[in-house]
DNA sequence: ATGGTGGGCAGCCCA
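Residue numbers (the numbering used here): 490 to 744.
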């Protein structure tokens, strides 16, 4: 079973790329972030024709998440419990005996900004929720755009990035807090090419220079992590004309 | 150091 995550940065703009990528890769479950479409505008029919059911949690202009799956999706959750948040950044569902939690973690903009404090509060509330989810659902996958590079090896130029948003120590500590619940970054269970990243800024030729960060993650509970057989970043879609600034990440499980 | 690009929606917000 293949489970993927992809920040598409506008589903409207990226729909054709997504459909072609689905046809070429046939993942079983796909978590999308930054769909930027309201639920009424979600392209249900096109995805259904491609063989995918969909759950979505969208808003106008910003954010928005969706889960696509070949098998039925059930038990949707649209928010972190007991955390007031008008931004649509969370979508959880059960599928094929797994619990999938799709996240678009706040970017944080700049260390010490209001958006940064919101990001840290958001991650704390997320940790409380995921602790409970792990009790309810031992087969848990938490994936998406985490907007945090876990370690310096996930950063193209750690010296230049030190202390910045996406790599700052409080953000990394919050991410470690999630992992210490028993969620494994499955990408690091396998040998990977050096300088593996999942996001490259649109500016300054970042992709061409491979000036990226690895901020799109697939975390799996212990019971699932041991069944993970591969995890790779697919740079293909990032090299297309009019690409998203993120590449898809695909994890394979023997289930 | 700044600003470089891209998406959304209407001159600026967000990444």
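Glycine is no exception: its CB is placed at the ideal position from the N, C-alpha and C atoms.
{"query": "Start and end residues, alpha helix (DSSP H) containing residue 514", "result": "500-514"}
{"query": "For residue 522, the first and last residue of its enclosing beta strand (DSSP E)", "result": "518-522"}
{"query": "Chain-order list of residues whose beta-carbon lies under 7 Å from that of residue 674 (same chain, five-residue window excluded)", "result": "639, 668, 706 and 708"}
{"query": "Proximity test, residue 718 beta-carbon vs the ligand ZN heavy atom, cut-off 7 Å", "result": "This structure does not include the ligand ZN; it has no bound ligands of any sort."}
{"query": "Nearest neighbour of residue 735, chosen from 614, 491, 564 and 496 [CA to CA]", "result": "496"}
{"query": "Enclosing beta strand (DSSP E) for residue 558 [first to last residue]", "result": "554-558"}
{"query": "Proximal residues to residue 524 (C-beta, below 6 Å), its chain only, five neighbours per side dropped", "result": "500, 547, 553 and 555"}
{"query": "Pick from 672, 670, 703 and 557 that is closest to residue 686, judged by C-alpha positions", "result": "703"}
{"query": "First and last residue of the uninterrupted alpha helix (DSSP H) at residue 542", "result": "Residue 542 -> not in any alpha helix (DSSP H); beta strand (DSSP E) instead, spanning 542-546."}
{"query": "Buried versus exposed, by CB contacts within 10 Å (16 or more), residue 698", "result": "exposed"}
{"query": "Nearest candidate by alpha-carbon position, reference residue 576, set 601, 588, 608 and 563", "result": "608"}
{"query": "Cβ contact (3+ pairs, closer than 8 Å) linking the region 558-568 and the region 593-611", "result": "no"}
{"query": "Contact set for residue 664: own chain, Cβ-Cβ below 7 Å, skip 5 residues either direction", "result": "635, 637 and 639"}
{"query": "Inter-stretch contact (C-beta, 8 Å, three-pair minimum) for the region 723-733 and the region 505-523", "result": "yes"}
{"query": "Three-pair Cβ contact test at 8 Å for the region 532-546 versus the region 648-658", "result": "no"}
{"query": "8 Å CB neighbourhood of residue 550 in its chain, flanking five on each side removed", "result": "525"}
{"query": "Environment of residue 522 [buried if 16+ CB atoms lie within 10 Å]", "result": "buried"}
{"query": "Residue 515, buried or exposed, once every other Cβ within 10 Å from all chains shown has been counted against 16", "result": "exposed"}
{"query": "Euclidean distance between Cα positions of residue 541 and residue 644", "result": "34 Å"}
{"query": "Identity of the residue in 712, 689, 528 and 610 nearest residue 671 by Cα", "result": "712"}
{"query": "Per-residue DSSP class, three states only, for residue 639", "result": "coil"}
{"query": "Cβ shell of residue 641 (< 6 Å), same chain only, five flanking positions each side left out", "result": "647"}
{"query": "Backbone secondary structure at residue 702 - three-state DSSP", "result": "strand"}
{"query": "Close Cβ partners of residue 570 (< 7 Å) along its chain, the five nearest in sequence each way excluded", "result": "618"}
{"query": "Buried versus exposed, by CB contacts within 10 Å (16 or more), residue 597", "result": "buried"}
{"query": "Inter-residue spacing [alpha-carbon to alpha-carbon] between residue 737 and residue 724", "result": "7 Å"}
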